[in-house]
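The structure appears right after this line, and notes come after that.
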């Protein structure tokens, strides 16, 4: 995840998911094999002089312009010459783009930086790109599927799990639901909320 419990993600770094009920919105995942992380997406052309809308995925919205050379998914080099604030997004000028036609050709491009340019996440923080692709298991080691996305619809981060068969599953990303995360081992242990509630009820009966 990239965000911190109750706080924003590392300053200037892509937002991360936090096992906290309040967390920043997720960034698109990067290709783990290439060790890149997406920091922004170019949107529609803005005006007629080559500017574009820019949707940042960083805790500091303007940080994407400070990373230096960016690349697209297919390896093209992109340089952000300048950014300014728009209404709910940034307005960026891309080096070498001087008219609307050139800006329109960039629409929907994701912009990446090498993973090693980013600061390490703090304790209990994870970049979204590090979570995506983890093999999900239950407490007994039985496979549940694979983490394919991290979402946030305003009430905290959610892990989207794709099982071998059937529909995907959304689980809250909390310490109770995700008690064990092994990035190096590419696995995550998940406890569905229903099981947590059952354990709590069992404990209450024992104590009662």
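In my numbering, the protein residues as written are 2 to 209. Beta carbons are placed, not taken as given, at the ideal position from N, Cα and C, and that holds for glycine.
Let me know if residue i comes out buried or exposed under the rule of 16 or more other beta-carbons within 10 Å of its beta-carbon.
i	result
residue 162	buried
residue 69	exposed
residue 126	buried
residue 174	buried
residue 164	exposed
residue 195	exposed
Under 8 angstroms Cβ to Cβ from residue i, same chain only, skipping five residues before and after it: list those, please.
i	result
residue 101	46, 48, 49, 50, 51
residue 99	50, 51
residue 159	151, 152, 153, 171, 172, 173, 174
residue 105	45, 46
Quickly, what does DSSP pair residue i with across the bridge? List them, please.
i	result
residue 91	55, 86
residue 1	This structure cannot settle anything about residue 1, because the visible part of the chain is limited to 2 through 209.
residue 159	152, 173
residue 190	138, 181
residue 81	95
residue 121	In DSSP, residue 121 forms no bridge with anything.
Comparing alpha-carbon positions, which option in the options lies nearest residue i?
i	options	result
residue 132	191, 57, 94	191
residue 62	37, 129, 85	85
residue 145	109, 76, 89, 179	179
residue 81	118, 71, 108	71
residue 169	67, 57, 74, 147	147
residue 92	142, 139, 55	55
residue 107	73, 149, 128	73
Only counting the same chain, and skipping five residues up and downstream in sequence, which positions put a Cβ closer than 6 angstroms to that of residue i?
i	result
residue 193	none
residue 184	131
residue 36	116
residue 22	With a pLDDT of only 45 at residue 22, under 50, the local geometry of the prediction cannot be trusted, and no value is derived from it.
residue 181	190
residue 66	81, 84
### Message
Using a Cβ distance threshold of 8 angstroms, determine whether the region 134-141 contacts the region 174-190, with at least three qualifying pairs required.
### Response
yes
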